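Using this note's numbering, you'd call the opening residue of the sequence shown number 163 and step up by one each time. This report concerns only the one structure given below.
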Amino acid sequence: MLDIVFSIFFCLYGIVIGSFLNVLILRIPLKESVTLTRSHCMSCGHILKWYELIPLFSYIFLGGKCRQCKSHITIQYPIVEAANGILYVIVYLACGISIEGILYCLCASALLALSVIDWRTKEIPVGFNIFIFILGLIRLITDFSNWHQYVIGLFAVSGFLYLLFLVTKGKAMGGGDIKLMATTGLLLGWQLVIVAFLLGCIIASIVHLALMAIKKVGRELAFGPYLSAGVFIAMIWGEQLVSWYLSMWATY
Ligand SMILES: [Zn+2]
Numbered sequence: 163m164l165d166i167v168f169s170i171f172f173c174l175y176g177i178v179i180g181s182f183l184n185v186l187i188l189r190i191p192l193k194e195s196v197t198l199t200r201s202h203c204m205s206c207g208h209i210l211k212w213y214e215l216i217p218l219f220s221y222i223f224l225g226g227k228c229r230q231c232k233s234h235i236t237i238q239y240p241i242v243e244a245a246n247g248i249l250y251v252i253v254y255l256a257c258g259i260s261i262e263g264i265l266y267c268l269c270a271s272a273l274l275a276l277s278v279i280d281w282r283t284k285e286i287p288v289g290f291n292i293f294i295f296i297l298g299l300i301r302l303i304t305d306f307s308n309w310h311q312y313v314i315g316l317f318a319v320s321g322f323l324y325l326l327f328l329v330t331k332g333k334a335m336g337g338g339d340i341k342l343m344a345t346t347g348l349l350l351g352w353q354l355v356i357v358a359f360l361l362g363c364i365i366a367s368i369v370h371l372a373l374m375a376i377k378k379v380g381r382e383l384a385f386g387p388y389l390s391a392g393v394f395i396a397m398i399w400g401e402q403l404v405s406w407y408l409s410m411w412a413t414y
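Here it is as structure tokens:
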């Protein structure tokens, strides 16, 4: 019973944070101020009233259109809000109310926002990596007896990718992706960040090959969304995946 109450609470909280993520996603690539400008319609500049700013519900209530100029509001808003709500519930059910759970919720939000931006602009704004790095430092301080796990995590995948970057002269991997594997490595520890990277590569090859076949997209891929998916899965199910993998070896 308590689980359901807290799940609803985390979901609503996630939706509210999700609506802030939409502001970040929209304004960071345009270099617009995140806090100073009031929320406005992107086509006519109509300043939004409080009842047009309620996450998820306003979109449904307005029928997906601006009240003044009737231009369509992108479906990205409700999707990001709902997705962030769902991510928070998954983290809550996996970690409960703990420091780990809070850090993972915040990291999941950063991953969601940077994925959408990377998908659209092929770039990960450095602010997201700084944010995840700070989350990683908090993890390290609050779980200090395992500090070496996190410090090794900082370099485990990113060091390898940096070598690849040097050898291929920057063609194989973007700098933002390398930084993402460093900062999430600090947050997750070396075992889970390796799992995250492998999962990211698997998801990327499946999805991107499918997209190349269906939508004739080019070979160039934004790796951030796939790495982010890998990181999130590793955060929640990584421990099980590792022990399942090790137990397979133990039976031989
Ligand atoms: Zn408008």
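In this text, a Cβ means the ideal position worked out from N, Cα and C, and glycines have one as well. For clarity, every value in this text was computed on a predicted model and none was experimentally measured.
query, result
"Whole angstroms is fine: what's the gap from V185's alpha carbon to V196's?", "7 Å"
"Where does H208 sit, in a helix, a strand or coil, going by DSSP?", "coil"
"What is the DSSP secondary structure of K377, reduced to helix, strand or coil?", "coil"
"Classify K193 as helix, strand or coil using the three-state DSSP reduction.", "coil"
"Bridge partners for I227 per DSSP, in chain order?", "Strictly speaking, residue 227 in this sequence is Lys, with Ile absent from that position. Answer by DSSP bridge pairing, in chain order: H234."
"What is the residue span of the alpha helix (DSSP H) that P387 lies within?", "386–412"
"Does the Cβ of N291 have 16 or more other Cβ atoms within 10 Å, making it buried, or fewer, making it exposed?", "buried"
"Taking only runs that begin and end inside the segment 245–323, name each unbroken alpha helix (DSSP H) of 4 or more residues, in chain order.", "261–283, 288–304"
"Can you confirm whether the segment 342–357 touches the segment 306–324 when touching is taken to mean that 3 or more C-beta pairs between the two stretches lie within less than 8 Å?", "yes"
"Taking 7 Å as the cut-off, is the CB of H424 close to at least one heavy atom of ligand 1?", "With the chain running from 163 to 414 in the structure shown, residue 424 is simply not present."
"So which of R229, H202, I248 has the shortest CA-CA distance to F171?", "I248"
"T304 and P191 - do their beta-carbons sit closer together than 8 Å?", "no"
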